Amino acid sequence: MSNPIGVLIIALIIGFAIGSFIRGEYFNKKTYATTLALGVFIDMFLGNFPFYNWDITMEIPFSLVFISSLLGLYIGKFIGGR
Amino acid sequence: MKFENFQGMRNLVAAIFLGLFSFFLLDALVNFDPIAGASYIYNLKGPSIAPNMITVILFDWRGYDTLGEAFILITAVFTTGILFGRGVLGGDISSQDETPARRPTVVQKIFAAPLVFIIVAFGIVLTLGGHITPGGGFQGGSVIATAFFLSVVVYGTKKNIFNISHKGLIAFESIGALIYLCLGLVGLALSGYYLYNVGANLYPGLGVSSTIQSIFSFPDSTNAGIIPYLNIGIALKVLSGFCTIITILAGAEKHE
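From first to last, the protein sequence lines stand for chains A and B. With our numbering applied, the first sequence has no gaps in its numbers, which climb one by one up to 82 at the end. With our numbering applied, the second sequence has no gaps in its numbers, which climb one by one up to 338 at the end.
This is the structure we're talking about:
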């Protein structure tokens, strides 16, 4: 099995970089809940995309890169967001 | 000579050149003779001159193609700035209306911010998987730029979700272009060919320790070399280029 941790770290960094430019005034509890629901929904449909793990005996049902980039966006928005 | 006479002469010269161009184009199309088995030759010889098939397809076919696309995008940004950039790049910005043309509806207000998050995350996924799946830097950058476009449409130019200035966009675009061009130079330095995929990865040449190499190696059984990093650079470039175009077009003003 290949090691996808480097991609996850780079996704986190890019997400953080973009998230740090996001304004906070448009976000409240409702928007966070909607983001989480939409994120889980789309993540499940993305599945194993983009197929870093080519070992078919160990199929991951959700996209780790998507979760990582979403996490990076959240962290970037909370730490560096305006 | 009066301008009207000169204009007639110019039209005549243009017509002659257009006729010549049309003749040669038609001639080329009629007598088009494809080389039989060119793809077989390429598939046979490709892996022996490039590290792997991913390099052959993604780099040889798309590396220079993407470089050309990047320059086209730069030209597009320049042209848009020259034609419509007076509202943003010049003139009195303080007098501009900061609100969007139409006030956002409730649905737009609720869904715009979450959708921006989702679209950006999906764009990052496309960018980072571009070397093994359909996608890549250009597509990922375009998808991320649609998030910016959505926020500009809903919240206006000045108070959109992304708090990034025109200078910031220029910095991002420059960084993306520099990443791409410098990675091309790495290929030139190590192999003698510009944009050559150096194969294994960049780290051994840079003297990075094996532990860090194992962490930051892109997971790919056939090893994509520098292509993922090219994708990141081109994504930054395309993202900021499109965002600049959107900003310029959204802030365009009519001047008599």
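For glycine and all other residues, C-beta sits at the position ideal for the given N, C-alpha and C. Only a predicted model underlies this, so the values are computations on that prediction, with no experimental measurement involved.
Range covered by the alpha helix (DSSP H) that runs through residue i
| i | result |
| --- | --- |
| Phe231(B) | Gly219 to Tyr237 |
| Phe45(A) | Lys29 to Leu46 |
| Gly72(A) | Leu64 to Gly80 |
| Pro196(B) | Val188 to Leu210 |
| Thr215(B) | First-last for Thr215(B): undefined, no H or E at that position. |
| Ser322(B) | Ile309 to Ala332 |
| Tyr146(B) | Gly145 to Phe166 |
According to DSSP, residues forming a beta bridge with residue i
| i | result |
| --- | --- |
| Phe244(B) | Ile22(A) |
C-beta neighbour in chain A for residue i, strict 7 Å
| i | result |
| --- | --- |
| Asn245(B) | yes |
| Ala334(B) | no |
| Phe199(B) | yes |
| Ala195(B) | yes |
| Thr228(B) | no |
| Ile316(B) | no |
| Val202(B) | yes |
| Leu210(B) | yes |
| Ile206(B) | yes |
| Ala282(B) | Residue confidence for Ala282(B) is low, a pLDDT of 49 falling below 50, so the modelled location carries little weight; the figure read from the coordinates is stated next. Ala282(B) does not count as touching chain A. |
Cβ distance (whole Å) where residue i is taken to contact residue j below 8 Å
| i | j | result |
| --- | --- | --- |
| Pro196(B) | Leu71(A) | Wrong, their Cβ atoms sit about 15 Å apart, outside the cutoff. |
| Ser256(B) | Ile243(B) | Not a contact, Cβ separation roughly 23 Å. |
| Pro4(A) | Leu73(A) | About 19 Å; that fails the 8 Å criterion. |
| Gly212(B) | Asn313(B) | 4 Å |
| Val198(B) | Phe66(A) | With 8 Å as the limit, Val198(B) and Phe66(A) do not qualify as a contact, their Cβ atoms being about 15 Å apart. |
| Gly316(B) | Ala152(B) | The displayed chain sequence assigns Ile, not Gly, to residue 316(B). Right, their Cβ atoms sit about 6 Å apart. |
| Ile79(A) | Ser20(A) | 7 Å |
| Ala194(B) | Val236(B) | 4 Å |
Within chain C, partners of residue i - CB distance below 8 Å
| i | result |
| --- | --- |
| Gly217(B) | Going by chain labels, chain C is absent from the structure shown, which instead holds the protein chains A and B. |
The ligand COA heavy atom lying under 6 Å from the CB of residue i
| i | result |
| --- | --- |
| Phe78(A) | This structure lacks the ligand COA, and indeed carries no ligand of any kind. |
Chain B within 7 Å of residue i, Cβ atoms only
| i | result |
| --- | --- |
| Phe62(A) | no |
| Ser69(A) | yes |
| Ala11(A) | yes |
| Phe45(A) | no |
| Phe66(A) | yes |
| Val40(A) | no |
| Ile79(A) | no |
| Ile22(A) | yes |
| Leu83(A) | Residue 83(A) cannot be examined here, being either before or after the span of chain A that is shown, 1 to 82. |
| Phe27(A) | yes |
| Ile18(A) | yes |
| Ile14(A) | yes |
For the 8 Å Cβ check, are there 3 or more pairs between the segment 97 to 107 of chain B and the segment 40 to 49 of chain A? no
- Is it a yes or a no for the segment 207 to 220 of chain B touching the segment 317 to 324 of chain B, going by three-plus beta-carbon pairs under 8 Å? yes
Note to self: For the pair the segment 324 to 336 of chain B and the segment 264 to 279 of chain B, tell me if three or more CB-CB distances fall below 8 Å.
What the structure shows: no
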